[in-house]
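First comes the structure, then the notes that go with it.
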Amino acid sequence: MRPLRLLAAVAGAPRLLGARPTAPPYSLSGASGTAPAPDRPSTRERLRAWAELLRVSALFTVPGDALAGAAAVGRRPGRGTALAVGASLCLYEAGMALNDWADREEDAVDRPHRPIPSGRVAPGAALAAAGLLTAAGLALAARAGRPALVVASGLAATVWAYDLRLKHTRLGPAAMASARTLDLLLGATATAGATAKPGRTASVGTTGAVGTTATVGRAGAVGTAATPGTTGTVATMSGGAGGGATVPAARTVPAARPAPAPRPASGHSLTPGRTPTPGSTPGLTAAALPSALLLGAHTYAVTAVSRHEAQGGSTAAPLAALAGAAGLGAALLRGRAATGGPPQSPPTAAGRLLLPAFAAAYLRTSAVPLLHAALNPSPPLTQRAVGGGIRAMIPLQAALAARAGAPVGGLAVMGLVPLARALSRKVSPT
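25 is the number of the first residue of the sequence shown in the working numbering; add one for each residue after it.
Here it is as structure tokens:
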């Protein structure tokens, strides 16, 4: 017998002897083991799909809007700033989910690997996430006060209008620029509104009458009411031990010259019976407008380039964005932004050094990829230019904060750069 026939006979011997065939290397996992169940994505795969849908690597470009807005109005970050950051993050992610839901048919042709076309995220789930995140963002903004809620409502309306109607029109870049502008103004409004809490420390009328209550420690409480030109009466004086004696004495206070009503500072309002409320005046929000417009200009340029990231082929958009980045860098170094807050101290040596450093980081992050895309407008290089423009928002926000007199806040914003860079290697921001 030949060797090949011998091997075949040996291999078939168990079957001839009635032995059961060897089980396959896989097991059936269907009902009662009769049919294989379809492969279900693991929890890690589902989380990665949502991370791609929401573009979580771009999240680090959002907190700097609120911090730059707080610096623009001359306020330290506080509770209102934190609420603004939370609202901005929610609205930003709502826009990301809504964007992929609106582009699901287009992405099925141009980018079938995206979470919705690939079937990893259901379209209804993406739309529901957009609605829930929008509601959460508005709820957080409402906690910061009514003015902040008004700005956040405008921001949410702009985001939804861009994704559903304006994205593929000529108004698309302007709508996205408006969204970033409103985001910085949200931080300014929320910070100012939460910082100033109305009190009753001083009541200034139109005639200059001052009505105050003075409390002197625990040893005694003196209740006085003095109006220029009238009689002041010492009502009671209570001892520290709880005993008291009424002094029915009436002393005439010489007529005093009415003091002129204090003039409100720039960007502040002075209402009778209340301290100045910066968050309720349009002047203080307007003080943050120059910084907001600079951020909006950068966003406009990046959005114009992103309209060609799928097909490429545009040289004019990267060149225009490159010129815009150079102009923004010059504007950052031109001078400090005027704020409507209290007078600020002169810029420190650290501030004078950090502002050029932040501006240089902005130009390096945004200009180099734009130059490459202008020389070779291929889809990969165009997408890289868009990603660089998104990441460049962080040093731009830091420069805006330092320009407004808050170099420490700028350093805090720049601390997000390594995180954004590391995460962008795993999840694309575009």
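Think of the CB as a built atom: it goes at the ideal place given N, C-alpha and C, for glycine as much as any other residue. Here the structure is a predicted model, which means the values were calculated and not measured.
Worksheet item: So Met200 packs on Thr323, CB below 8 Å; how close in whole Å?
Response: In the sequence shown, the residue the question calls residue 200 occupies position 176. In the sequence shown, the residue the question calls residue 323 occupies position 299. Indeed they touch by this definition, with Cβ atoms about 6 Å apart.
Discussion item. If I follow the unbroken alpha helix (DSSP H) through Phe382, where does it start and stop?
Written reply: As a first step, residue 382 must be located in the sequence shown, where it is residue number 358. Where Phe382 is concerned, the enclosing alpha helix (DSSP H) stretches over Ala373 to Leu399.
Item to complete: Give the secondary structure of Ser81 by DSSP, where H, G and I count as helix, E and B as strand, and everything else as coil.
Response: As a working note, residue 81 is residue 57 in the sequence shown. Helix.
Practice prompt. Within its chain, find whatever has a CB closer than 6 Å to the CB of Gly93; leave out the 5 residues flanking it on each side and keep chain order.
Written response: Residue mapping note: residue 93 aligns to position 69 of the sequence shown, counting from 1. Closer than 6 Å at the Cβ level, and outside the excluded window around Gly93, lie Leu208, Gly211, Ala212 and Ala312.
Worksheet item: Can you list, in chain order, the residues of its chain whose CB lies under 6 Å from that of Pro393, leaving out five sequence neighbours each side?
Response: Position 369 of the sequence shown holds residue 393. Hits under 6 Å: Arg408, Ala409 and Gly412.
Worksheet item: Where do the N-terminal and C-terminal ends of the alpha helix (DSSP H) with Glu130 fall, by residue?
Response: For the purposes of this step, residue 130 is taken as the residue at position 106 of the sequence shown. Run containing Glu130: Arg128 to Asp134, per the alpha helix (DSSP H) assignment.
Worksheet item: Where does Leu157 land, buried or exposed, given buried means 16+ other C-beta within 10 angstroms?
Response: For the purposes of this step, residue 157 is identified with residue 133 of the sequence shown, where counting begins at 1. Classification of Leu157: buried, given that the 10 Å Cβ count is 16 or more.
Fill in: 6 Å CB neighbourhood of Asn123 in its chain, flanking five on each side removed
Walking along the sequence shown from the start, residue 123 turns up at place 99. Excluding positions up to five away in sequence, the list reads Asp187.
Worksheet item: Skipping 5 residues on each side, what residues in its chain have a beta carbon closer than 6 Å to that of Ala111?
Response: By one-based count along the sequence shown, residue 111 stands at place 87. Within the same chain, Ala111 has close Cβ partners Gly161, Leu164, Ala165 and Ala176.
Worksheet item: Between Ser202 and Gly320, is the Cβ-Cβ spacing less than 8 Å?
Response: Here residue 202 refers to the residue found at position 178 of the sequence shown. Here residue 320 refers to the residue found at position 296 of the sequence shown. Yes, the Cβ-Cβ distance between Ser202 and Gly320 is below 8 Å.
Worksheet entry | Residues of its chain near Leu346, where Cβ-Cβ distance is below 7 Å and the 5 sequence neighbours each way are ignored | Start at 1 with the first residue of the sequence shown, and residue 346 comes out as number 322. Contacts found: Ala391, Leu394, Leu395 and Ala398.
Worksheet entry | Limits of the unbroken alpha helix (DSSP H) element including His322 | Within the sequence shown, the letter at position 298 stands for residue 322. Run containing His322: Leu313 to Ser330, per the alpha helix (DSSP H) assignment.
Worksheet item: Got a sec? Which residues, its chain only, sit under 6 Å from Ala95 by beta carbon, not counting five neighbours each side?
Response: Position 71 of the sequence shown, counted from the first residue, corresponds to residue 95. Closer than 6 Å at the Cβ level, and outside the excluded window around Ala95, lie Ala425, Ala428, Ala430 and Gly433.
Worksheet entry | Three CB pairs or more closer than 8 Å across the region 142 to 151 and the region 82 to 93 | no
Worksheet item: So, are the CB atoms of Thr389 and Ala416 less than 8 Å apart?
Response: The residue given as residue 389 occupies position 365 in the sequence shown. The residue given as residue 416 occupies position 392 in the sequence shown. Yes, Cβ-Cβ distance for Thr389 and Ala416 is below 8 Å.
Discussion item. Pop quiz: Thr215 and Arg99 are said to be a contact at Cβ under 8 Å. What is the actual Cβ separation, rounded to whole angstroms?
Written reply: Numbered from its first residue, the sequence shown carries residue 215 at position 191. Numbered from its first residue, the sequence shown carries residue 99 at position 75. Right, the Cβ-Cβ distance comes to about 5 Å (below 8 Å), so this counts as a contact.
Discussion item. Taking the straight line between their C-alpha atoms, what separation do you get for Ala118 and Trp184?
Written reply: For the purposes of this step, residue 118 is identified with residue 94 of the sequence shown, where counting begins at 1. For the purposes of this step, residue 184 is identified with residue 160 of the sequence shown, where counting begins at 1. Looking at the two C-alpha atoms, the distance is approximately 9 Å.
Worksheet entry | Distance between Ala384 and Leu435 (C-alpha atoms, nearest Å) | On the sequence shown, residue 435 is found 411 positions in, with the first residue counted as 1. On the sequence shown, residue 384 is found 360 positions in, with the first residue counted as 1. Using only the alpha carbons, I get a separation of about 14 Å.
Worksheet item: For the alpha helix (DSSP H) that Gly411 lies in, which residues bound it at each end?
Response: Your numbering for residue 411 matches position 387 in the sequence shown. Gly411 -> alpha helix (DSSP H) spans Pro403 to Arg415.
Worksheet item: By Cβ distance, which residues of its chain are closer than 8 Å to Pro403, with the 5 residues on each side in sequence left out?
Response: Here residue 403 is taken as the residue at index 379 of the sequence shown, counted from 1. Counting only Cβ-Cβ distances below 8 Å, and skipping sequence neighbours, we find Glu333, Ala334, Gln335 and Gly336.
Worksheet item: Excluding sequence positions up to five away, which residues of its chain have a Cβ less than 6 Å from the Cβ of Ser452?
Response: As a working mapping, residue 452 is identified with position 428 in the sequence shown. Same-chain partners within the cutoff: there are none.
Worksheet item: To which residues of the same chain is Gly178 closer than 7 Å at the C-beta, ignoring the five residues directly before and after it?
Response: Stepping through the sequence shown from its first residue, residue 178 is reached at position 154. Leu206.
Discussion item. Quick check on DSSP: helix, strand or coil for Val18?
Written reply: The structure shown does not extend to residue 18, since the chain is modelled only from 25 to 454, so the question has no answer here.
Worksheet item: Helix, strand or coil: how does DSSP classify Thr193 here?
Response: Indexing the sequence shown from 1 puts residue 193 at position 169. Coil.
Worksheet item: Grouping DSSP H, G and I as helix and E and B as strand, with all else coil, what is Thr339?
Response: Indexing the sequence shown from 1 puts residue 339 at position 315. Note: Thr339 maps to coil in three-state DSSP.
Fill in: Own chain, CB closer than 6 Å to Arg135, minus 5 neighbours either side, in chain order
Along the sequence shown, one-based indexing puts residue 135 at 111. If we look at Arg135 and ignore the five residues flanking it on each side, it has no Cβ neighbours.
Discussion item. Counting C-beta neighbours from all protein chains within 10 Å, is the total for Glu76 16 or more, i.e. buried, or is it exposed?
Written reply: As a working note, residue 76 is residue 52 in the sequence shown. So Glu76 counts as buried.
Worksheet item: Which of the three DSSP states, helix, strand or coil, is assigned to Leu440?
Response: For the purposes of this step, residue 440 is identified with residue 416 of the sequence shown, where counting begins at 1. The answer is coil: DSSP assigns Leu440 none of H, G, I, E or B.
Worksheet entry | The alpha helix (DSSP H) enclosing Thr454, as first and last residue numbers | Residue numbering aside, residue 454 sits at position 430 when the sequence shown is read from its first letter. Premise fails: Thr454 is in no alpha helix (DSSP H) and is neither H nor E.
Practice prompt. Report yes if the C-beta distance between Ala350 and Ala325 is below 8 Å; otherwise report no.
Written response: Residue numbering aside, residue 350 sits at position 326 when the sequence shown is read from its first letter. Residue numbering aside, residue 325 sits at position 301 when the sequence shown is read from its first letter. It is not a contact, given that the beta carbons lie outside the stated cut-off.
Item to complete: Count the other C-beta atoms from every protein chain shown that fall within 10 angstroms of the C-beta of Gly439, then say buried if there are 16 or more, exposed otherwise.
Response: Translated into positions along the sequence shown, residue 439 becomes position 415. It is exposed - the Cβ of Gly439 has fewer than 16 other Cβ atoms within 10 Å.
Item to complete: Return the CA-CA distance between Ser448 and Tyr116, expressed in angstroms with no decimal places.
Response: Numbered from 1 along the sequence shown, position 424 holds the residue referred to as residue 448. Numbered from 1 along the sequence shown, position 92 holds the residue referred to as residue 116. So the two alpha carbons sit approximately 17 Å from each other.
Item to complete: Round the Cβ separation of Ala355 and Leu378 to the nearest angstrom and send it over; I've been treating them as touching at under 8 Å.
Response: Counting from 1 along the sequence shown, the entry for residue 355 is found at position 331. Counting from 1 along the sequence shown, the entry for residue 378 is found at position 354. Their Cβ separation, rounded to whole angstroms, is 17 Å, which puts Ala355 and Leu378 out of contact at 8 Å.
Worksheet item: If we ignore side chains and look at the alpha-carbon of each, how far apart do Thr182 and Arg358 end up?
Response: One-based indexing of the sequence shown puts residue 182 at position 158. One-based indexing of the sequence shown puts residue 358 at position 334. One C-alpha to the other measures close to 31 Å.
Item to complete: In the DSSP assignment, find the unbroken alpha helix (DSSP H) run with Arg170 in it and report its ends.
Response: Locating residue 170 in the sequence shown gives position 146, where the first residue counts as 1. That run of the alpha helix (DSSP H) goes Arg170 to Ala185.
Item to complete: State the CB to CB distance for the pair Ala168 and Trp125, rounded to an integer number of angstroms; the pair is presumed to be in contact (CB under 8 Å).
Response: Counted from its first residue, the sequence shown places residue 168 at position 144. Counted from its first residue, the sequence shown places residue 125 at position 101. At roughly 28 Å, the Cβ-Cβ gap does not stay under 8 Å, so Ala168 and Trp125 are not in contact.
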